[in-house]
Structure formats: structure tokens, C-alpha cells
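Note that this note's numbering has the sequence shown beginning at 576, numbered continuously upward. All residues carry an ideal CB built from backbone N, CA and C; glycine is no exception. For clarity, every value in this text was computed on a predicted model and none was experimentally measured. Here the structure is laid out as C-alpha cells; the discussion comes afterwards.
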Amino acid sequence: MLAASLDRVDRSEGAEVIGDDLRRERIQQGLEILSGPGLNRAEQIQVLFSDPYRSGWNTADANETSDSPGDDA
Numbered sequence: 576m577l578a579a580s581l582d583r584v585d586r587s588e589g590a591e592v593i594g595d596d597l598r599r600e601r602i603q604q605g606l607e608i609l610s611g612p613g614l615n616r617a618e619q620i621q622v623l624f625s626d627p628y629r630s631g632w633n634t635a636d637a638n639e640t641s642d643s644p645g646d647d648a
């Protein structure tokens with residue numbers, strides 16, 4: 576998953592200027608989690624790459640006005 580994410584970031588338009596890109600920061604954090612000690616690394620990775628919880632996310636009103644899942648815009 577992390578390798579595929581890095582590949583997508585590197586192939587994206589403007590890849591040469593994304594050194595401070597949030598996606599790259601998250602990937603770096605993920606690598607640090609994976610290389611560190613602990614028994615809950617899978618959970619930490621899941622939380623790192625998940626969208627924050629939004630109350631009412633599953634209501635009709637929220638679905639009509641929300642952005643696509645995963646958009647950090």
C-alpha cells in the first residue's frame with residue numbers, strides 16, 4: 576500500500592514540487608510507524624490514512640453536499 580501510494584504521488588502532475596505534500600508526509604509517518612516497535616501498527620496505519628469522523632456523514636443532506644471520500648482539499 577505504501578509503495579503504491581509513493582508511486583502515485585511520484586507520477587502525479589507537479590510531482591517535482593510536492594516535497595511538503597500532505598500525502599508524502601503521511602507516507603513518511605506510515606513508514607516510521609511500520610519500522611518502529613509495537614503491537615498495534617496496523618491500527619495506527621489505518622487511523623493515519625483514514626478520513627476524520629464527521630457526525631452525520633451518512634445522512635441524505637451530508638451526502639448531497641459532501642466532497643468525494645478522501646479529498647483533503
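Which same chain residues end up closer than 6 Å to residue i when comparing Cβ atoms and leaving out the 5 residues on each side of it in sequence?
i, result
"glycine 613", "none"
"alanine 617", "none"
"glutamine 619", "Ile608"
Sorted by chain position, which residues of the same chain lie with C-beta nearer than 7 Å to residue i's C-beta, five sequence neighbours on each side aside?
i, result
"arginine 601", "Leu623, Phe624"
"glutamine 604", "Leu623"
"glutamate 607", "none"
So, residue i versus residue j, is the Cβ gap smaller than 9 Å?
i, j, result
"serine 580", "arginine 598", "yes"
Can you list, in chain order, the residues of its chain with a C-beta nearer than 8 Å to that of residue i? Leave out the 5 residues immediately preceding and following it.
i, result
"glutamate 588", "none"
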